[in-house]
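Residue numbers (this note's numbering): 117 to 454. Quick reminder that beta carbons are idealized off the backbone N, C-alpha and C, glycines included. Here the structure comes first, spelled out in structure tokens, and everything after it is commentary.
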Amino acid sequence: MRFHRKFVRAFSMSALAIAGLLATTSFAGASEKITIMVGGYEKQIYLPAKLTEALGYFKDEGLDVELLNEAAGVDAENQLLAGAVQGVVGFYDHCVDLQAKGKFVQSVVQFSQAPGEVEVVSNKYPDVKSLADLKGKNLGVTGLGSSTNFLTLYMASKAGLSGGDMVTVPAGAGATFIAAMQQDQIQAGMTTEPTISRLVKTGEARVLVDLRTVETTRAALGGTYPAASLYMETAWVDEHKEEVQKLANAFVKTLKFINSHSAAEIAEKMPKDFYVGDKDGYVKALEAGKGMFTADGVMPEDGPKTVLAVLSEFSKNVKGKQIDLSKTYTTDFVKNAQ
């Protein structure tokens, strides 16, 4: 009996040890969900997010990634700081703006080297020929504190307008932006594709300032303006380097796909409702604008200085602050991408 009790006890302890080992192994092999909020994933400027998902590159890296949609980048930023999401696909300029507020986030994959945005003006106002003519007008932006708001205020300032000369109105993007212009709630505004093409095609608006290419962006802003990116809190990046590397691997593969495939081939991979009933228009817009994307996810060398110059011009948060640009982005992960 004594031998039997010892045997049972030894067997039970061995079974518990094996169970614990299996549980540990299973947990280690499990993929923790990473939630990324996109500042409007139907926008072509943020195309790499949904395209990476569609191509299966997240799964290829063993990642469980959930993409959430948020129309305004500033709201996505708030979700990141609140800990509700682990990453944001949004404009790099938030990394600079947040450092001025004592918050440290960084771009870990730089998607684009131009904003991909356009200042459009309603054709109800044929006398508006330049930004200076927008005095007294309501200008649509995705949200107050958003990148479109940053850029609008900067370009207006360069055109000789002060903050009180016009009003920036949160108008979102897509249908809400179009409705605001149709109802004359805004007379001009900054938006992206495919909204631009929809307004121009119907004759409701025309392009006033084009930031869809590197060349036109340099002319308008004085340099390369890195825009769409995957940015994350620096502390989270430091604690999850393996996961961040896998994300970088997936996104760099996507950027290479964009650079090696036609707009039509890329469009075929996107959700059909992104076309908004005009696939040809979607493809045409993408063909004209896909040069904004980087080929490798690396931050353009002269880009951060341009962003800082833009924000320092008008932002009370950034003006006069010492900003360490080296802490607003990292190229470590994209340069090691496989």
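- Per DSSP, reduced to three states, the secondary structure at Leu-363 is helical.
- The beta-carbon separation of Thr-447 and Val-414, rounded to 5 Å, stays under the 8 Å limit for a contact.
- The C-alpha of Val-221 lies about 28 Å from the C-alpha of Asp-326.
- Taking C-alpha positions only, Phe-390 is separated from Met-348 by approximately 26 Å.
- Spanning the alpha carbons of Asp-180 and Glu-169 requires a straight line of approximately 10 Å.
- Your pair Gln-229 and Ile-439 does not check out as a contact, with CB atoms roughly 20 Å apart and the cut at 8 Å.
- Straight-line measurement puts the Cα of Met-282 at about 6 Å from the Cα of Lys-251.
- Closest by C-alpha distance to Trp-352, out of Ala-295, Lys-149, Ile-382, Gly-203, is Gly-203.
- Distance from the CA atom of Phe-430 to the CA atom of Gln-301, rounded to whole angstroms, is 25 Å.
- Here the stretch 283–303 makes no contact with the stretch 191–206; the two share fewer than three CB pairs at distances below 8 Å.
- Taking Thr-340 as the centre and dropping the five residues before and after it, the same chain places the C-beta of Gln-229, Ala-230, Val-330, Thr-333, Arg-334, Pro-416, Asp-418, Gly-419, Thr-422 closer than 8 Å to its C-beta, in chain order.
- Lys-217 counts as exposed, since fewer than 16 other beta carbons sit within 10 angstroms of its beta carbon.
- Taken in chain order, the complete alpha helix (DSSP H) segments of 4 or more residues contained in the stretch 203–253 are 209–216.
- When the alpha-carbon of Lys-385 is set against those of Ile-161, Lys-166, Val-154, the nearest one is in Lys-166.
- Taking each of Lys-437, Thr-410, Val-434, Ala-291 in turn and checking the Cα distance to Lys-451, the smallest one comes out for Thr-410.
- For Lys-149, the secondary structure class from DSSP, reduced to helix, strand or coil, is strand.
- Secondary structure note for Ser-263: its alpha helix (DSSP H) is the uninterrupted segment 263–274.
- Remark: fewer than three beta-carbon pairs, one from each stretch, lie closer than 8 Å, so the stretch 258–270 and the stretch 360–372 are not flagged as touching.
- The beta carbon of His-356 sits closer than 7 Å to no other beta carbon from its chain once the five residues preceding and following it are set aside.
- The alpha carbon of Leu-371 has as its nearest neighbour, out of Cys-211, Leu-163, Gly-232, the alpha carbon of Leu-163.
- In the DSSP assignment, Val-323 falls within the beta strand (DSSP E) that extends over 321–327.
- Beyond the five residues adjoining it in sequence on each side, Glu-186 comes within less than 8 Å, by CB distance, of Met-153, Val-154, Gly-155, Gly-156, Ala-192, Gln-195 in the same chain, given in chain order.
- Cβ neighbours of Val-244 within its own chain (closer than 6 Å, five residues either side excluded): Val-237.
- A direct Cα-Cα distance of roughly 29 Å separates Val-434 from Leu-184.
- In this structure, the alpha-carbon of Met-306 lies about 8 Å from that of Asn-265.
- Between the alpha carbons of Leu-315 and Phe-293 lies a distance of about 10 Å.
- Its Cα nearest to that of Lys-369, the residue Asp-176 stands out among Ile-161, Lys-159, Gln-160, Asp-176.
- Going by beta carbons, Ala-379 and Val-392 fall outside the 8 Å limit.
- The three-state secondary structure of Asn-185, taken from DSSP, is strand.
- According to the DSSP assignment, Pro-286 belongs to the beta strand (DSSP E) that extends over 283–286.
- By the 16-neighbour rule on beta-carbons within 10 angstroms, Gln-454 is exposed.
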